[in-house]
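The working numbering numbers the first residue of the sequence shown as 15 and each following residue consecutively. Even glycine gets a Cβ: it sits at the ideal position worked out from N, Cα and C. Note that the structure is predicted; figures quoted are calculated from it, not measured. The structure appears right after this line, and notes come after that.
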Amino acid sequence: MDVKVFQFNGCNKCYNESLLLKLDPSYKVQFIANPQNWKGEKTQVAVITGYLLPHNKENLERIKANSEKVIAYGNCTSMGGIFALANQHGHEISPLKNLIDNPININGCLGEIEELKTAINGEKPSKLRTLCEVCNRRATCEYLDTVHRQIELVDNETCFNDLGFLCIGFIAKECQERCIDYNTPCRGCKPMVERSGIRMLGMFGTLMGNIEVATEHSEKGATDKLADEEDDVTKSLPDILGNFFRFSLATSGLPKGRIESSGKLLEDVFIGRLIEELPLITGLLGGDKSILLTLKIIEPYEKANQIEISEETKKYREELLKLEKELQKAIEMHDAKQYEKVTNEIRKIAGNMNLSNVFFGGFKSQIKEEDNFDNYKTHIFELVEGTYKNGFVEYSIDSNGIIKEIKIREG
Ligand code: SF4
Ligand code: SF4
Ligand code: SF4
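Here it is as structure tokens:
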């Protein structure tokens, strides 16, 4: 089977993951990193990765005209994904289905390779359970009074939502990455339902029973601010948009926001997000530099606020950085076997390719059985207003831990 994989904008993690197709001899795979220079030739399957803007339409139509089947692989392409949070600042990231007719969508950040193969082969996707059905944490469905933004890692049994810690597993499909296994609540990168953000917001309101969840439009436009400032949920979990609509804003039905843009799309993705969510956001969208980017964002905050970093934490972080260099090399060489080996090594430390196990101060779950977890366990940290910087990134947070400004050195 002849397969061509095209990388459009932003993160290249899904594009890189498609390297694994090379391990199956039934595919003849070609990788096109610059679709705008692609001359156009007939192909059986076109796989599109990365986020899309209106000006990509012409290229996409050319791909469509030359392909028997077009697959949107990963949330950026299928739903707008995490980069579409920038639509709050007036950008126009669009899912592929708004730019060409009838693509096959594979959701996920990152998209799962087995699902991609199923779509390429034209097989029927297996019916998956919800994440809650396969989760080891047990729901008790108690009503709660408060929302916690960080939890102590002492309770490994109770559902995150019952602990007052937002988890979107309720509307998500069973997945391979399983953030919850690394003490990280699900943010719903594989939704099972349409308009998952609104549904999850409603569900959370029900769970929180005695508090008010408002979704009224603001003067500036609906996506600028979903709830009234005095609303209890907004006060305790300020970034409703980044938490409930992290991957689905472009398909949520909410209008484009009108908050002034910083001028850079990537920076607009980060502005308004919560400090404790940054490791998972950079872990998701940082492409083949996710590990470096995540640590570069975490470290200045730790340093400025004297968050203790143990020798074990440093050792594991260094190992991750070394693995990321090996990963880049495997990608450069198009060496699928090595890519698979290195990503498995990264998963052992970071939990998954979303880096769910990496956090401020240490790791969220044990890495090796023989380790003493107390030596590198992360703890709740304080939200301290200020500006944090190193050579790579500079950002300011307010007293609620919300990112107000950010500058990321790209490249
Ligand atoms: S941000 Fe997520 S969906 Fe988008 S390319 Fe990266 S891993 Fe894939
Ligand atoms: S909401 Fe999250 S923590 Fe709770 S049962 Fe579902 S997946 Fe598990
Ligand atoms: S657990 Fe993580 S990888 Fe799985 S659906 Fe949720 S956010 Fe996505």
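The closest heavy atom of ligand 2 lies less than 7 Å from the beta carbon of residue 199.
In this model, residue 180 and residue 57 are separated by some 43 Å (Cα to Cα).
Runs of the alpha helix (DSSP H) lying entirely within the stretch 283-348, each at least 4 residues long, are 292-299, 304-318, 325-346 in chain order. Counting along the chain, no beta strand (DSSP E) covers residue 148; the unbroken alpha helix (DSSP H) around it starts and ends at 145-148. With fewer than 16 other CB atoms across the displayed protein chains lying within 10 angstroms of its CB, residue 394 is exposed. Under a 10 Å Cβ-count criterion, residue 39 is classified as exposed, with fewer than 16 other Cβ atoms of the shown protein chains found around its own Cβ. Exposed is the label assigned to residue 347, since fewer than 16 other Cβ atoms lie within 10 Å of its Cβ. Rounded to whole angstroms, the Cβ separation of residue 134 and residue 84 is 11 Å, and the two are not in contact under 8 Å. In this structure residue 295 touches residue 96 by the C-beta definition: roughly 7 Å separates them, less than 8 Å. In this structure, ligand 1 has no non-hydrogen atom nearer than 7 Å to the beta-carbon of residue 265. Of the heavy atoms belonging to ligand 2, at least one sits nearer than 7 Å to the Cβ of residue 174. Going by beta carbons, residue 416 and residue 288 fall inside the 8 Å limit. Where residue 131 is concerned, the enclosing alpha helix (DSSP H) starts and stops at 127-135. With distances taken between CA atoms, residue 197 lies nearest to 173 out of 209, 408, 173.
Spanning the alpha carbons of residue 332 and residue 418 requires a straight line of approximately 30 Å.
In the displayed model, residue 87 falls within a strand according to three-state DSSP. Take the alpha-carbon of residue 258 and the one of residue 92: they are about 17 Å apart. DSSP places residue 353 in the uninterrupted alpha helix (DSSP H) bounded by 350-364.
Of the candidates 41, 19, 26, 19 places its Cα closest to the Cα of residue 52. As the crow flies, the alpha-carbon of residue 24 is around 18 Å from that of residue 113. Judged by DSSP in its simplified three-state form, residue 113 adopts coil rather than helix or strand.
Its chain contains 292, 293, 372, 373, 374 as the residues whose beta carbon lies nearer than 8 Å to that of residue 312, once the 5 sequence neighbours on both sides are disregarded; these appear in chain order.
Counting the other Cβ atoms within 10 Å of the Cβ of residue 266 gives 16 or more, which makes it buried. Contact between the stretch 352-364 and the stretch 26-38 is present: three or more C-beta pairs spanning the two stretches fall below 8 Å. As computed with DSSP, residue 21 is found in a beta bridge with 63.
Distance from the C-beta of residue 101 to the nearest heavy atom of ligand 1 is not below 7 Å. Under the DSSP assignment, residue 419 falls in the beta strand (DSSP E) whose first and last residues are 417-422.
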